[in-house]
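Colleague:
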Amino acid sequence: LCQSQGCDESFDLAFFTGYHSRAGTPNGLLSHTWVGSTISNFRINGDLVGETAINAAVVGHWDIPVGLVSGANELEPEAQATIPEGFVFAGTKKTYGFSAALCLPPAKTQKLLNEGAAEAVRRFKEGKLKPYKPTLPVTFEVEVHRREMADKSAQVPGVERKNERTITVTADSTIAAAETMWRGVCRAQDSEPDWLK
Numbered sequence: 012l013c014q015s016q017g018c019d020e021s022f023d024l025a026f027f028t029g030y031h032s033r034a035g036t037p038n039g040l041l042s043h044t045w046v047g048s049t050i051s052n053f054r055i056n057g058d059l060v061g062e063t064a065i066n067a068a069v070v071g072h073w074d075i076p077v078g079l080v081s082g083a084n085e086l087e088p089e090a091q092a093t094i095p096e097g098f099v100f101a102g103t104k105k106t107y108g109f110s111a112a113l114c115l116p117p118a119k120t121q122k123l124l125n126e127g128a129a130e131a132v133r134r135f136k137e138g139k140l141k142p143y144k145p146t147l148p149v150t151f152e153v154e155v156h157r158r159e160m161a162d163k164s165a166q167v168p169g170v171e172r173k174n175e176r177t178i179t180v181t182a183d184s185t186i187a188a189a190e191t192m193w194r195g196v197c198r199a200q201d202s203e204p205d206w207l208k
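Using our numbering, you'd call the opening residue of the sequence shown number 12 and step up by one each time.
(1) Near R158, what residues of its chain come up, given a Cβ to Cβ distance below 7 Å and the 5 sequence neighbours on each side ignored?
(2) Kindly indicate which residue of A199, Q200, T185, C197 has the alpha-carbon position closest to the one of R54.
(3) Is the stretch 121–138 in contact with the stretch 23–35, if contact means three or more CB pairs nearer than 8 Å?
(4) Between the alpha carbons of V70 and Y107, how many angstroms are there, rounded?
(5) If you reduce the DSSP assignment to three classes, tell me which class T181 lands in.
(6) If you draw a straight line from the alpha carbon of D162 to that of A199, how long is it in whole angstroms?
(7) Would you mind listing the beta strand (DSSP E) stretches within the stretch 105–153 that are 3+ residues and don't spill past its ends, in chain order?
(8) Report back the beta-carbon spacing between G78 and S32 to the nearest angstrom; my notes put them in contact at under 8 Å.
(9) Excluding five sequence neighbours on each side, which residues of the same chain lie with their C-beta closer than 8 Å to the C-beta of T36?
(10) Starting from A92, trace the alpha helix (DSSP H) both ways and give me its first and last residue.
(11) Using only CA atoms, which one of A64, N125, T181, G102 lies nearest to L115?
(12) Apply the 10 Å Cβ neighbour rule to L140 and answer buried if 16 or more other Cβ atoms are within range, or exposed otherwise.
(13) Which term fits A188, buried or exposed, when burial requires 16 or more other beta carbons within 10 angstroms of its beta carbon?
(14) Where does A67 land, buried or exposed, given buried means 16+ other C-beta within 10 angstroms?
(15) In this structure, how does DSSP classify R176 when only helix, strand and coil are distinguished?
(16) Within 10 angstroms of its Cβ, does T49 collect 16 or more other Cβ (buried), or is it exposed?
(17) Using CA coordinates, which residue listed in V80, H156, S15 is at the minimum distance from L124?
(18) In the DSSP assignment, the alpha helix (DSSP H) including V46 goes from what residue to what residue?
(19) Can you tell me the Cα-Cα spacing of V170 and D183, whole angstroms?
(20) Looking only at its own chain, which residues have a Cβ that is under 6 Å from the Cβ of R194, when we skip the five neighbours before and after it?
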């Protein structure tokens, strides 16, 4: 389950701290999705998403809502596009490019996160937070950088080849889709460019 490994039905609420925008975000600070050296785009049921939505879908399997998301300023609209309303966003830095940002001083960041966490818990207790639950069966679709990556990924049971550089996984749960897609992405990383063979 990648970043959501260890999560289960015993959790009430999820906080995503230190997150970044998805691959392809203009001027996104360290923007990538799962594995930047492999993945160009990631979709859930046709919607272009990043790690915030992927992890929200995974924890949503157990009816766990996302209460807090923190990270660079350009992440906020991405999170709002997928996660049900009510979560708190804590912008801890202003992005100026892929590797440049103006970060808040640590004391301000700590205060912002503490206040955001308290507000998220309050909203949760008031029943104002809902989990992100994509329509089932769910389809995870990944566009990889190179054809040979898709070749390798398609060898994983449950991974289907859509076109030259796109693989898909359709499953009855987000957990099954995420686990199978993660295996496919890991297999893709084992491939060498054709010109090196």
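Beta carbons are placed, not taken as given, at the ideal position from N, Cα and C, and that holds for glycine.
Modeller: The answer reads as follows:
(1) One-based indexing of the sequence shown puts residue 158 at position 147. Taking R158 as the centre and dropping the five residues before and after it, the same chain places the C-beta of E175, R176 closer than 7 Å to its C-beta, in chain order.
(2) Residue mapping note: residue 54 aligns to position 43 of the sequence shown, counting from 1. The option with the nearest alpha carbon to R54 is T185.
(3) Contact between the stretch 121–138 and the stretch 23–35 is present: three or more C-beta pairs spanning the two stretches fall below 8 Å.
(4) Taking the first residue of the sequence shown as 1, we reach residue 70 at position 59. Taking the first residue of the sequence shown as 1, we reach residue 107 at position 96. Near 31 Å, if we compare the C-alpha coordinates of Y107 and V70.
(5) Residue 181 sits at position 170 when you count from the first residue of the sequence shown. Correct three-state label for T181: strand.
(6) As a first step, residue 162 is located in the sequence shown; it is residue number 151 there, counting from the start. As a first step, residue 199 is located in the sequence shown; it is residue number 188 there, counting from the start. When rounded, the distance between both Cα atoms is 8 Å.
(7) List check, beta strand (DSSP E) in window: 111–114.
(8) The residue labelled residue 78 in the question sits at position 67 within the sequence shown. The residue labelled residue 32 in the question sits at position 21 within the sequence shown. Wrong, their Cβ atoms sit about 20 Å apart, outside the cutoff.
(9) On the sequence shown, residue 36 is found 25 positions in, with the first residue counted as 1. Residues S42, G61, E85, E89 of the same chain have their beta carbon placed closer than 8 Å to that of T36, with the five preceding and five following residues left out of the count.
(10) Here the question's residue 92 lines up with position 81 in the sequence shown. Counting along the chain, the alpha helix (DSSP H) containing A92 begins and ends at 86–93.
(11) Within the sequence shown, residue 115 is the residue found at index 104, counting from 1. The option with the nearest alpha carbon to L115 is G102.
(12) Residue mapping note: residue 140 aligns to position 129 of the sequence shown, counting from 1. By the neighbour-count rule (16 or more Cβ atoms within 10 Å), L140 is buried.
(13) Indexing the sequence shown from 1 puts residue 188 at position 177. Label assigned to A188: buried.
(14) Position 56 of the sequence shown, counting from 1, holds the residue named residue 67. Under this definition A67 is a buried residue.
(15) To locate residue 176, count along the sequence shown from 1; it is residue 165. In this structure, R176 counts as coil in the three-state DSSP scheme.
(16) Indexing the sequence shown from 1 puts residue 49 at position 38. It counts as buried.
(17) The count along the sequence shown starts at 1 and reaches residue 124 at position 113. Out of V80, H156, S15, V80 has the C-alpha closest to the C-alpha of L124.
(18) If you number the sequence shown from 1, residue 46 lands on position 35. Per DSSP, V46 belongs to no alpha helix (DSSP H) and is neither H nor E.
(19) The count along the sequence shown starts at 1 and reaches residue 170 at position 159. The count along the sequence shown starts at 1 and reaches residue 183 at position 172. The straight-line gap separating the alpha-carbon atoms of V170 and D183 is approximately 14 Å.
(20) Here the question's residue 194 lines up with position 183 in the sequence shown. Excluding residues within five positions, the ones whose Cβ falls inside 6 Å are V167.
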